[in-house]
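Visitor: Okay, so the sequence shown: first residue is 3 according to our numbering, each after it adds one. Backbone N, C-alpha and C define an ideal beta-carbon position, used for all residues, glycine too. The following block contains the structure, expressed as C-alpha cells.
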Amino acid sequence: MTSFLRSDRSGPVAVWLVAVALLVLAMIVVGGATRLTDSGLSITEWAPVTGAIPPLSAADWQNEFARYQQIPQYQQLNRGMSLGQFQSIYWWEWSHRFLGRLVGLAFLLPFTWFAVRREIPKRLSWRLAGLFVLGGLQGAVGWWMVASGLSERVSVAPERLMVHLGLAFALLGALMWTALDAAFGQARQTMPSPWGRRALWLIALIYVQILLGALVAGNDAGLVYNDFPLMNGRLIPDDYAGASLWATLAHSQGAVQLHHRLVAYLLTLVALVMGAAVLRSSYLARDARLLGAGVAVAVLAQAGLGVATLMAQAPITLAIAHQLAAALLLGLAVAFAWRVRRV
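And the structure:
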C-alpha cells in the first residue's frame, strides 16, 4: 500500500483520472450531437436518480411525449412529429445525461477507494475534491441551461450553453493537468521560465475561443454568412449590432460569428509565432518543443476545419469534428503548459 505521506505521485490515480477525462470528452461529443439534432429539450424534467431509467413501456413513452408537447419547441417547431421521431431525439438527450451520471460514478467510486487506501498524493486531495464539486455543478448548470428553453424559447439560451460547455472544457483540462501531476509528481523547477506564463496565456486564449464557439452554436450562427473570409461580401456583417450591448455580444448571429473569426485569426497568429519560438528555444527539452510545435499545428488544422464547417453550413459530422478537435487542442495545450513548468 502506498501512503500519500511518503509519495507525491501515483500511477493508478493518474490512469483513473485519464479514464474520467476520456468520459468527459465523450460527453462533450455526445452533447454536441444532442445540440445539433435539437434534442436537448426532449426531456423536460430533472430527475438525477430516477431519470437514469428511460421509458420502459408504451405508456411511459406517451407520458414523456405528452410533456414534450407542452413546451414551445414542440408547439412552434415540431408540431405533428410522430412518437418515433420524438424517441430519436429523446435518446440523444438521455445518452448525454447518462454519460453525466456515469462520469460522476466513475469519479466518486475510485476516489473513495483510493482515499481509503491512502493512495492519493496528499497535495492532490483537495484538488480532487474540488473537481468532484465542479462535476456536480456541471450537472446543475446543465439543467439551468435546459430550463431556459422550456417556457418562452424554442431552444436553450446561448449564454447558458456557453457556461455549460465552458465548464465541461474546464473540467477536461483540470483532469488532464491533475493526471499529469499524479503520474509525474510535483514540479521541481530549478530556475524561472517565461514559457510557463506564455503557455498559460495560450490556454486562456484557446478557452476564450471555445466560449465564443459556444455562442456561435447557441445562436445557430454557423448557418449564416457562409462565405470566407468576408461575411456576405462585407468585413462587418449588416446585422452586427443588436438592440443592446448584451444582445450584440450574446445574441446577434453576425456579431458572435465575427468575434469567433477574429479571435481565430489572433489565436492562429499567436500559436504559430509561439510554435516557431519554441522550436528555436535551447532552454526547453525536446519533448516540450515538440508539444509546443504540436499545439501550433493543431491550431492551424482546427482553423481550417472551422472554415470548412462554416462554408458547408455546419453539417453534423463536420460540426462534431470541430468540437472534438477543440477538446483535443485544449488537451495538447494543457500538456504543453504542464511540461514547460518542469524544465
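Leaving out five residues before and five after valine 258 in sequence, what residues of the same chain have Cβ atoms less than 6 Å from its Cβ?
Guide: By 1-based counting over the sequence shown, the position of residue 258 is 256. Answer for valine 258: Leu217, Val218, Asn221 and Ala223, listed in chain order.
Visitor: Indicate the three-state DSSP secondary structure (helix, strand or coil) for methionine 83 in the structure shown.
Guide: Locating residue 83 in the sequence shown gives position 81, where the first residue counts as 1. In the three-state reduction of the DSSP assignment, methionine 83 falls in the coil class, being assigned neither a helical nor a strand state.
Visitor: By the DSSP assignment, the alpha helix (DSSP H) with tryptophan 203 in it spans what residues?
Guide: Numbered from its first residue, the sequence shown carries residue 203 at position 201. 196-220 is the span of the alpha helix (DSSP H), which, as asked, contains tryptophan 203.
Visitor: Looking at the secondary structure, which residues open and close the alpha helix (DSSP H) in which glutamate 154 lies?
Guide: Sequence index remark: in the sequence shown, residue 154 carries index 152 (1-based). That residue, glutamate 154, is in no alpha helix (DSSP H); it is neither H nor E in DSSP.
Visitor: Count the other C-beta atoms from every protein chain shown that fall within 10 angstroms of the C-beta of threonine 46, then say buried if there are 16 or more, exposed otherwise.
Guide: The residue you call residue 46 lines up with position 44 of the sequence shown. Threonine 46 should be labelled buried.
Visitor: Does DSSP put arginine 236 in a helix, in a strand, or in coil?
Guide: Within the sequence shown, residue 236 is the residue found at index 234, counting from 1. Here arginine 236 sits in strand by DSSP.
Visitor: Measure from the alpha carbon of tryptophan 115 to the alpha carbon of each residue in Leu173, Ala142 and Val15, then state which is nearest.
Guide: Position 113 of the sequence shown, counted from the first residue, corresponds to residue 115. Nearest option by C-alpha distance: Val15.
Visitor: Here's the rule I'm using: 16 or more other beta-carbon atoms within 10 Å means buried, otherwise exposed. How should alanine 2 be labelled?
Guide: One cannot answer for residue 2 here, as it falls past the ends of the chain, which runs 3 to 345.
Visitor: May I ask you to report which of helix, strand or coil DSSP gives phenylalanine 134?
Guide: Here residue 134 is taken as the residue at index 132 of the sequence shown, counted from 1. Assignment of phenylalanine 134 by DSSP, reduced to helix, strand and coil, places it in the helix class.
Visitor: Just curious, the alpha helix (DSSP H) that asparagine 65 is in, first and last residue?
Guide: Taking the sequence shown and counting its residues from 1, the one referred to as residue 65 is at position 63. 60-70 is the extent of the alpha helix (DSSP H) around asparagine 65.
Visitor: Should the segment 62-80 be called in touch with the segment 95-106, which here means at least 3 C-beta pairs below 8 Å?
Guide: Between the segment 62-80 and the segment 95-106 there are fewer than three C-beta pairs closer than 8 Å, too few to call the two in contact.
Visitor: Using 8 Å as the limit for Cβ to Cβ distance, is glycine 244 near chain C?
Guide: Checking the listed chains, one finds no chain C in this structure; it contains a single protein chain.
Visitor: Determine, using beta carbons only, whether glycine 33 and histidine 98 come nearer to each other than 8 Å.
Guide: Working through the sequence shown from its first residue, we reach residue 33 at position 31. Working through the sequence shown from its first residue, we reach residue 98 at position 96. Yes; because the gap between Cβ atoms is below 8 Å, this pair is in contact.
Visitor: Give the secondary structure of alanine 327 by DSSP, where H, G and I count as helix, E and B as strand, and everything else as coil.
Guide: For the purposes of this step, residue 327 is identified with residue 325 of the sequence shown, where counting begins at 1. Reduced to three states, the DSSP call for alanine 327 is helix.
Visitor: Could you check what DSSP says for serine 5 in three-state terms: helix, strand or coil?
Guide: Along the sequence shown, one-based indexing puts residue 5 at 3. Residue placement at serine 5 is poorly supported in this model, since its pLDDT is 40, which falls under 50; the coordinates still yield a value, given next. In this structure, serine 5 counts as coil in the three-state DSSP scheme.
Visitor: Between which two residues does the alpha helix (DSSP H) containing threonine 270 stretch?
Guide: Within the sequence shown, residue 270 is the residue found at index 268, counting from 1. Residues 255-282.
Visitor: Take glycine 141 and list the residues in its own chain whose beta-carbon comes closer than 6 Å to its own, dropping the five residues that flank it on each side.
Guide: Counting from 1 along the sequence shown, the entry for residue 141 is found at position 139. Excluding five sequence positions before and after glycine 141, the CB atoms of its chain that fall closer than 6 Å to its own CB belong to Gly102, given in chain order.
Visitor: Using only the alpha-carbon positions, how far apart do methionine 164 and glutamine 211 sit?
Guide: The residue given as residue 164 occupies position 162 in the sequence shown. The residue given as residue 211 occupies position 209 in the sequence shown. Rounded to whole angstroms, methionine 164 to glutamine 211 spans 11 Å at the Cα level.
Visitor: Which same chain residues end up closer than 7 Å to aspartate 40 when comparing Cβ atoms and leaving out the 5 residues on each side of it in sequence?
Guide: In the sequence shown, the residue the question calls residue 40 occupies position 38. Contacts found: Ile91.
Visitor: What three-state label does DSSP hand isoleucine 322 in the structure shown?
Guide: What you label residue 322 is simply residue 320 of the sequence shown in a count that begins at 1. Reduced to three states, the DSSP call for isoleucine 322 is helix.
Visitor: Quick check: the Cα distance between glycine 138 and phenylalanine 109, rounded to an integer number of angstroms?
Guide: By 1-based counting over the sequence shown, the position of residue 138 is 136. By 1-based counting over the sequence shown, the position of residue 109 is 107. In a straight line, the C-alpha of glycine 138 is about 11 Å away from that of phenylalanine 109.
Visitor: My guess is that alanine 337 and leucine 293 are in contact by the Cβ rule of under 8 Å, so how many angstroms apart are they, rounded?
Guide: Translated into the one-based positions of the sequence shown, residue 337 becomes position 335. Translated into the one-based positions of the sequence shown, residue 293 becomes position 291. Confirmed, Cβ separation roughly 6 Å.
Visitor: Helix or strand or just coil, what does DSSP make of glycine 346?
Guide: Nothing can be reported for residue 346: it is not among the residues displayed for the chain, which extend from 3 to 345.
Visitor: Label valine 280 either buried or exposed according to how many other C-beta atoms from any shown protein chain fall within 10 Å of its C-beta, with 16 as the threshold for buried.
Guide: Taking the first residue of the sequence shown as 1, we reach residue 280 at position 278. By the neighbour-count rule (16 or more Cβ atoms within 10 Å), valine 280 is buried.
Visitor: Histidine 253 to leucine 107, Cα distance in whole Å?
Guide: Start at 1 with the first residue of the sequence shown, and residue 253 comes out as number 251. Start at 1 with the first residue of the sequence shown, and residue 107 comes out as number 105. Taking the straight line from one Cα to the other gives about 36 Å.
Visitor: Cα separation between threonine 311 and leucine 126?
Guide: Residue mapping note: residue 311 aligns to position 309 of the sequence shown, counting from 1. Residue mapping note: residue 126 aligns to position 124 of the sequence shown, counting from 1. Roughly 40 Å between the two C-alpha positions.
Visitor: In this structure, does DSSP put serine 246 in helix, strand or coil?
Guide: Position 244 of the sequence shown holds residue 246. Here serine 246 sits in coil by DSSP.
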